[in-house]
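A.B. asks: After the structure tokens below, expect a handful of questions from me.
Protein chains in written order, with our numbering: chain W, 1 to 322; chain C, 1001 to 1322.
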């Protein structure tokens, strides 16, 4: 076994409570500096070790603030073990010339599968039917109310990155008519582009939120967009704060929206209690990107990017900061 | 408006309780004979009118027995308003040279959507997560257990007709590896063919049942097949009796199967009570083929086939009886 001293040093940046197979899988290849291995406060740990650290693995959503970065003057690479990177001070990284990679490649297929699952569930009322059957209502009340067909529906995808493109690929096979909104038109994408999410909502039966949470996308789905969507369906596998949740709840309760499939919420793990009794809503607990298979893909991606960095090879899934 | 006497006569074969927009939509084009429009018992109604009837529209699952056919010596065509035709005496129709059309074309996309929805729901535990969130367990119990990824799974489709082929089209877009079993190999299908459902189960993580219920397919998923599938998942959008339900329940309760997504049951509307508390099972109430859009497609298909028959034009979705 190689001596740990010969291995490249990587800061293992995590919360105290976070445990993952990641560490076991990475430790044969890197000298992992984990502040929680010591009794020291993190700030004093970083004061001692921070100067030499060139690469950092960010586990889950552990925040990386400007203050954290002040301890790490030699930092060149942040490997984020998450799809979203809104917990990282992106502009400060940009200013310092720090490269960030995310894990959306590892998670994109899972997130897309979950988005499609939530959508079919809302339209065809699967979870509601499951409640109906489990409650013993079928023999008593007869036929369960009809759902709606997926094929032919106009689906607007908000955020056409790795997740959005996987959603499009799947829903095209169901016969949906797809359009998308993103910061820029993507020349290689065959679907209609909408620069404005309001216009996309007007022309859609369904909106699927797959974008990152940034200052620009915070509450991108506001009251005006919901009005434009009318009796449509919103599916959110991005971040809770993409949607003005208070208005979403009001629109759902008042029947102004057709339904919603939500994996993320503004104040997780708290879900607005008004939603808990609605039959046209399907709720999951921020699990869109979590399967054993995606964890395995995450480990492989983190390993590959860290190895590539220390060998001066090209990185995968680099985050563009604009 | 054309006098009813000039319109072709069609027997509107239905149960007393069955109501549908079908009749309103067909009546401008055909002279519909509906036994329930009179006070007569059906047998005496058929004794009077049966001799002249060349075409019959079978609404829902109204049985057509040999006895029914004895009243209808001139019958040439049965237009079934359902995907399955196991409520019709097929061999007797074959003997008498009666052509049967079914409605699987109208329902195939809905049934395939529902099958995929059930599958994602079982694998990614969406209905179970929805129960977890609605019960207020997320803040109390923390992370909900992981589901499994759909991509890369080996999916065996049992019955590769109109529904099975639509399921395959959808699951290919999710990155599943597809194989199929049917009476005969289909030369145009690009996926591996298994003559034997046991061998298909051995090589599958998931079985999706899309075949008709016949003498040959009754309990096609028996104990041996379930053993061959191991910890896999069964999705049934065909008919309840395709599966030995007693054994299915036992295998699910004992954890010998990974899970099940079931829209159909052996003794509907009754669902085995042991299933009602299982978290790896998703239950819907025989709704796979019912949406307003598929009803509209059904009406169009029935109209088209009846018009084609009376104009000596080719029929759509003729049932092959072997």
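Positions of the beta carbon are idealized from the N, C-alpha and C atoms, including for glycine.
If you measure from the CB of residue 299/W, is any heavy atom of the ligand SAM nearer than 7 Å?
C.D. replies: The ligand content of the structure shown is nil, which means the ligand SAM is not present either.
A.B. asks: So which of 10/W, 287/W, 133/W has the shortest CA-CA distance to residue 142/W?
C.D. replies: Residue 142/W sits at position 142 when you count from the first residue of the first chain. Measuring from the Cα of residue 142/W, the nearest candidate turns out to be 133/W.
A.B. asks: In chain order, which continuous runs of the alpha helix (DSSP H) of length 4 or greater are located wholly inside the segment 226-278 of chain W?
C.D. replies: Here the runs fully enclosed are 245-253.
A.B. asks: Would you say residue 262/W and residue 232/W are within 8 Å of each other, going by their C-beta atoms?
C.D. replies: The count along the first chain starts at 1 and reaches residue 262/W at position 262. The count along the first chain starts at 1 and reaches residue 232/W at position 232. For residue 262/W and residue 232/W, no; Cβs fall outside 8 Å.
A.B. asks: Go through its chain and collect everything with a Cβ distance to residue 955/C's Cβ below 8 Å, but skip five positions before and after it.
C.D. replies: Outside the displayed span of chain C (1001 to 1322) sits residue 955/C, for which this structure offers no information.
A.B. asks: Consult DSSP for residue 126/W and reduce its assignment to one of helix, strand or coil.
C.D. replies: The sequence position of residue 126/W within the first chain is 126, counting from 1. It is helical.
A.B. asks: Given a limit of 7 Å on CB to CB distance, which residues of the segment 291-303 of chain W reach chain C?
C.D. replies: Taking 7 Å as the Cβ-Cβ cut-off against chain C, the residues of the segment 291-303 of chain W that qualify are 291, 292, 293, 294.
A.B. asks: Which residue from 1026/C, 1015/C, 1283/C, 1176/C puts its Cα closest to that of residue 1041/C?
C.D. replies: Mapped onto the second chain, residue 1041/C falls at position 41. Checking every option, the nearest Cα to that of residue 1041/C belongs to 1015/C.
A.B. asks: Looking at residue 174/W: is its Cβ nearer than 8 Å to the Cβ of residue 151/W?
C.D. replies: In the first chain, the residue the question calls residue 174/W occupies position 174. In the first chain, the residue the question calls residue 151/W occupies position 151. Yes. Within cutoff.
A.B. asks: Just to confirm before moving on: does the CB-CB distance between residue 1100/C and residue 1072/C stay below 8 Å?
C.D. replies: The residue you call residue 1100/C lines up with position 100 of the second chain. The residue you call residue 1072/C lines up with position 72 of the second chain. No, they are not a contact pair.
A.B. asks: Does residue 1169/C come within less than 8 Å of chain W when only Cβ atoms are used?
C.D. replies: As a first step, residue 1169/C is located in the second chain; it is residue number 169 there, counting from the start. Closer than 8 Å: yes.
A.B. asks: Is residue 1036/C close to chain W, meaning its C-beta is less than 8 Å from at least one C-beta of that chain?
C.D. replies: Position 36 of the second chain, counting from 1, holds the residue named residue 1036/C. No, residue 1036/C lies away from the interface with chain W (no Cβ there is under 8 Å from its Cβ).
A.B. asks: In whole angstroms, what is the alpha-carbon distance linking residue 1313/C and residue 1180/C?
C.D. replies: On the second chain, residue 1313/C is found 313 positions in, with the first residue counted as 1. On the second chain, residue 1180/C is found 180 positions in, with the first residue counted as 1. Their Cα atoms are separated by approximately 33 Å.
A.B. asks: What residues from chain W crowd round residue 1139/C, counting only those whose CB sits closer than 8 Å?
C.D. replies: Against the second chain, residue 1139/C aligns to sequence position 139. Simply 269, 270.
A.B. asks: With three or more C-beta pairs closer than 8 Å as the rule, is the segment 1060-1080 of chain C touching the segment 1269-1286 of chain C?
C.D. replies: They do not touch, by the three-pair rule.
A.B. asks: Could you tell me which uninterrupted beta strand (DSSP E) segments, each at least 3 residues in length, are contained entirely in the segment 31-102 of chain W, listed from first to last along the chain?
C.D. replies: With a minimum length of 3 residues, the continuous beta strand (DSSP E) runs that stay inside the segment 31-102 of chain W are 31-33, 55-58, 77-80, 99-101.
A.B. asks: In chain order, which beta strand (DSSP E) runs of at least 3 residues are fully inside the segment 127-201 of chain W?
C.D. replies: Runs found: 154-158, 177-181.
A.B. asks: Determine which residues of the segment 106-124 of chain W have a Cβ less than 7 Å from any Cβ of chain C, and write them out in chain order.
C.D. replies: Those residues of the segment 106-124 of chain W that come within reach of chain C (Cβ to Cβ, closer than 7 Å) are 109, 110, 113, 114, 116, 117, 118, 120, 121, 124.
A.B. asks: Take residue 1000/C as the anchor and find which of 1163/C, 1187/C, 1154/C, 1189/C has the nearest alpha-carbon.
C.D. replies: This structure cannot speak to residue 1000/C, because chain C is shown only from 1001 to 1322.
A.B. asks: Under the assumption that residue 1225/C contacts residue 1198/C (Cβ atoms under 8 Å), give the Cβ distance between them as a whole number of angstroms.
C.D. replies: Residue mapping note: residue 1225/C aligns to position 225 of the second chain, counting from 1. Residue mapping note: residue 1198/C aligns to position 198 of the second chain, counting from 1. 6 Å between Cβ atoms; contact.
A.B. asks: What residues are listed by DSSP as bridge partners for residue 9/W?
C.D. replies: Within the first chain, residue 9/W is the residue found at index 9, counting from 1. Residue 9/W pairs with 31/W.
A.B. asks: Nearest-angstrom Cα distance between residue 10/W and residue 306/W?
C.D. replies: Against the first chain, residue 10/W aligns to sequence position 10. Against the first chain, residue 306/W aligns to sequence position 306. Taking the straight line joining both Cα atoms gives about 8 Å.
A.B. asks: Please list, in chain order, the chain C residues whose beta carbon lies closer than 8 Å to that of residue 149/W.
C.D. replies: Reading the first chain from its first residue, position 149 is the one you call residue 149/W. Per Cβ cutoff of 8 Å: 1109, 1110, 1113, 1291, 1292, 1293, 1294.
A.B. asks: Going along chain C in order, which residues have a C-beta closer than 9 Å to the C-beta of residue 230/W?
C.D. replies: Counting from 1 along the first chain, the entry for residue 230/W is found at position 230. Ordered by position in chain C, no residue passes the 9 Å Cβ test against residue 230/W, which lies about 17 Å from the chain.
A.B. asks: Which residue comes first and which comes last in the beta strand (DSSP E) that contains residue 1207/C?
C.D. replies: Here residue 1207/C refers to the residue found at position 207 of the second chain. That run of the beta strand (DSSP E) goes 1206-1209.
A.B. asks: Determine, using beta carbons only, whether residue 1129/C comes closer than 8 Å to chain W.
C.D. replies: As a first step, residue 1129/C must be located in the second chain, where it is residue number 129. Residue 1129/C counts as touching chain W.
A.B. asks: Please name the residue in 1239/C, 1194/C, 1022/C whose C-alpha comes closest to that of residue 1156/C.
C.D. replies: Indexing the second chain from 1 puts residue 1156/C at position 156. It is 1194/C whose Cα lies nearest to the Cα of residue 1156/C.
A.B. asks: Taking the DSSP output, what are the residues bridged to residue 955/C?
C.D. replies: Because chain C here runs from 1001 to 1322, residue 955/C falls outside it and cannot be looked at.
A.B. asks: So is residue 51/W buried or exposed if we call it buried at 16+ other beta carbons inside 10 Å?
C.D. replies: By one-based count along the first chain, residue 51/W stands at place 51. That one is exposed.
A.B. asks: Counting only the same chain and skipping the five closest in sequence on each side, list residues whose C-beta sits under 6 Å from that of residue 123/W.
C.D. replies: Working through the first chain from its first residue, we reach residue 123/W at position 123. Closer than 6 Å at Cβ, skipping near neighbours: 147, 148, 150.
A.B. asks: Might you give, ordered along the chain, the residues of its own chain that have their beta carbon closer than 7 Å to the beta carbon of residue 1259/C, omitting 5 neighbours on each side?
C.D. replies: In the second chain, residue 1259/C corresponds to position 259, counting from 1. Result list for residue 1259/C: 1122, 1233, 1280, 1281, in chain order.
A.B. asks: Do you know how far the Cα of residue 1285/C is from the Cα of residue 308/W?
C.D. replies: Numbered from its first residue, the first chain carries residue 308/W at position 308. Numbered from its first residue, the second chain carries residue 1285/C at position 285. Distance between the alpha carbons of residue 308/W and residue 1285/C: 52 Å.
A.B. asks: Closer than 8 Å, Cβ to Cβ, to anything on chain C: give me those residues from the segment 151-181 of chain W, in chain order.
C.D. replies: The segment 151-181 of chain W vs chain C, Cβ under 8 Å: 151, 152, 169, 170, 172, 173, 174, 175.
A.B. asks: Would you tell me roughly how many angstroms separate the C-alpha atoms of residue 1037/C and residue 1291/C, rounded to the nearest one?
C.D. replies: Your numbering for residue 1037/C matches position 37 in the second chain. Your numbering for residue 1291/C matches position 291 in the second chain. Spanning the two alpha carbons is a distance of roughly 27 Å.
A.B. asks: Could you tell me which of 1012/C, 1187/C, 1239/C, 1055/C sits nearest to residue 1086/C, measuring between CA atoms?
C.D. replies: Along the second chain, one-based indexing puts residue 1086/C at 86. Ranking 1012/C, 1187/C, 1239/C, 1055/C by Cα distance to residue 1086/C puts 1239/C first.
A.B. asks: Quick one: list the residues of chain W neighbouring residue 1126/C, beta-carbon separation under 7 Å, in chain order.
C.D. replies: Taking the second chain and counting its residues from 1, one reaches residue 1126/C at position 126. Near residue 1126/C (Cβ distances below 7 Å), the residues of chain W are 117, 118, 121, 127, 282, 284.
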